[in-house]
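Asker:
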Amino acid sequence: MSKRSDDLLGAMQQMRFRHLRALMKLQESRSIAAAAQLMGISQPALTKMLREIEGMVGQQLFTRSSRGISATKAGELLCWHARRLHAVLRETAEDMHAVDDGSGGHVVVGSMLTASSILIPATIARLKADMPGVTITILEGINERHLPGLLVGEIDMIVGRVPETSFHQQLLQEPLFEERIQLFVRKGHPLAACHSTTLAELAELAWVLPPTETALRRRIEEEFHRRSLRMPRDLVETVSLLTVRALLLQGDRIAALPHHVLDLEYQVGLVRPLPLDLAATDSRVGVILRRDASLLPAAAKFLACLRTEAQRLNMSADGDIVGNNEEL
Numbered sequence: 550m551s552k553r554s555d556d557l558l559g560a561m562q563q564m565r566f567r568h569l570r571a572l573m574k575l576q577e578s579r580s581i582a583a584a585a586q587l588m589g590i591s592q593p594a595l596t597k598m599l600r601e602i603e604g605m606v607g608q609q610l611f612t613r614s615s616r617g618i619s620a621t622k623a624g625e626l627l628c629w630h631a632r633r634l635h636a637v638l639r640e641t642a643e644d645m646h647a648v649d650d651g652s653g654g655h656v657v658v659g660s661m662l663t664a665s666s667i668l669i670p671a672t673i674a675r676l677k678a679d680m681p682g683v684t685i686t687i688l689e690g691i692n693e694r695h696l697p698g699l700l701v702g703e704i705d706m707i708v709g710r711v712p713e714t715s716f717h718q719q720l721l722q723e724p725l726f727e728e729r730i731q732l733f734v735r736k737g738h739p740l741a742a743c744h745s746t747t748l749a750e751l752a753e754l755a756w757v758l759p760p761t762e763t764a765l766r767r768r769i770e771e772e773f774h775r776r777s778l779r780m781p782r783d784l785v786e787t788v789s790l791l792t793v794r795a796l797l798l799q800g801d802r803i804a805a806l807p808h809h810v811l812d813l814e815y816q817v818g819l820v821r822p823l824p825l826d827l828a829a830t831d832s833r834v835g836v837i838l839r840r841d842a843s844l845l846p847a848a849a850k851f852l853a854c855l856r857t858e859a860q861r862l863n864m865s866a867d868g869d870i871v872g873n874n875e876e877l
């Protein structure tokens, strides 16, 4: 280790938890005033604390402008490590608590729409039957928004669509089951009783789809492109299942969803699957984990329950919703 590295190590050993928390809040809020409010201290006190930290490491960590503050490269690196250290402290506290009572702990799971309707609730029910004292936090969103939290340890795992190939050397992905995509409309939709349709006809109608950065959206766009079709112009984008459901049931929109997501609505007759084969949009659902992470007991038990429920879904796949599928 160089003398410069030794000096930095000595300086950082002077840091306290309040310094780490200040860095995280400053990066999150991009405002000294907002960060101070979140920490419950005055703005001058936070400014002084930031100067102390910059003095310890000998580098400027944030730049200031009329639009707020932004982290420098050194600031981004230090904030990343601050979040990681905070996550390690959280894991340690939860591990101690789990050892203390034998049934507690905390699991944080990033979830996409694809897993939030059936797989995640079933997993939670199975876990709670064995560990009623565990706390489970489910964060819904797309993979790209969950990955930073997973990498620093703020999230234990992500459940959702997994890429066909490995996409990050620090992460492991485990496929759980194959997911079929279905097009749905409400029971009163003009196409609800149709026996055949084409993607070209549907392209002229109103849709609700996930955002462009999601794997499902990319596959749907590829399917339109393969057929030399433009994407629908009347389009609403969301990853919220509640929003999708409301738009679907209250209007004449088409929704592209995993076949099991609207199983209850289908069983009671609220929605109808359209007779169109979208096999090219099918993909794998799985779990993404940190390669170097050792899961705490509660998270390890959640993962075991997740695998069990995914196997059950695989076994019942033949009875899932299907329409009178026609070729595109």
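Position one of the sequence shown corresponds to residue 550 (the numbering used here), numbered consecutively onward. Ideal Cβ positions, reconstructed from N, Cα and C, are used throughout, including at glycine.
In whole angstroms, what is the alpha-carbon distance linking residue 564 and residue 604?
Answerer: Straight-line Cα distance between these residues: approximately 11 Å.
Asker: Three or more C-beta pairs closer than 8 Å, one from the segment 756-770 and one from the segment 785-801: is that the case here?
Answerer: Judged by Cβ distances under 8 Å, the segment 756-770 makes contact with the segment 785-801, as three or more pairs qualify.
Asker: Who are the Cβ neighbours of residue 569 in its own chain at under 8 Å, not counting the five residues just before and after it?
Answerer: Answer for residue 569: 631, 634 and 635, listed in chain order.
Asker: Nearest CA to the CA of residue 626: which residue from 701, 655 and 614?
Answerer: Of the listed residues, the one whose Cα sits closest to residue 626 is 701.
Asker: Under a three-way DSSP split, which group does residue 655 fall into?
Answerer: Of the three classes helix, strand and coil, the one that applies to residue 655 here is strand, per DSSP.
Asker: Would you identify the three-state DSSP class for residue 833, choosing helix, strand or coil?
Answerer: It is a strand residue.
Asker: Could you pull the start and end residues of the beta strand (DSSP E) that residue 614 belongs to?
Answerer: First-last of the beta strand (DSSP E) with residue 614: 611-614.
Asker: Just to confirm the assignment, what range does the beta strand (DSSP E) spanning residue 686 have?
Answerer: Counting along the chain, the beta strand (DSSP E) containing residue 686 begins and ends at 684-689.
Asker: From what residue to what residue does the alpha helix (DSSP H) around residue 588 run?
Answerer: Residues 581-588.
Asker: Starting from the C-beta of residue 637, find all residues in its chain whose C-beta is less than 8 Å away, skip the five residues before and the five after it, and write them out in chain order.
Answerer: Contacts found: 702.
Asker: Is the segment 731-743 touching the segment 759-771 in the sense that three or more CB pairs, one from each, lie closer than 8 Å?
Answerer: Touching, no.
Asker: In three-state terms, what does DSSP make of residue 605?
Answerer: DSSP places residue 605 in helix when its eight states are reduced to three.
Asker: Can you give me the Cβ contacts of residue 752 inside the same chain, cut-off strictly under 8 Å, excluding the 5 residues immediately before and after it?
Answerer: Around residue 752: 773, 778, 779, 780 and 781.
Asker: Less than 7 Å separating the beta-carbons of residue 854 and residue 672?
Answerer: Yes, the Cβ-Cβ distance between residue 854 and residue 672 is below 7 Å.
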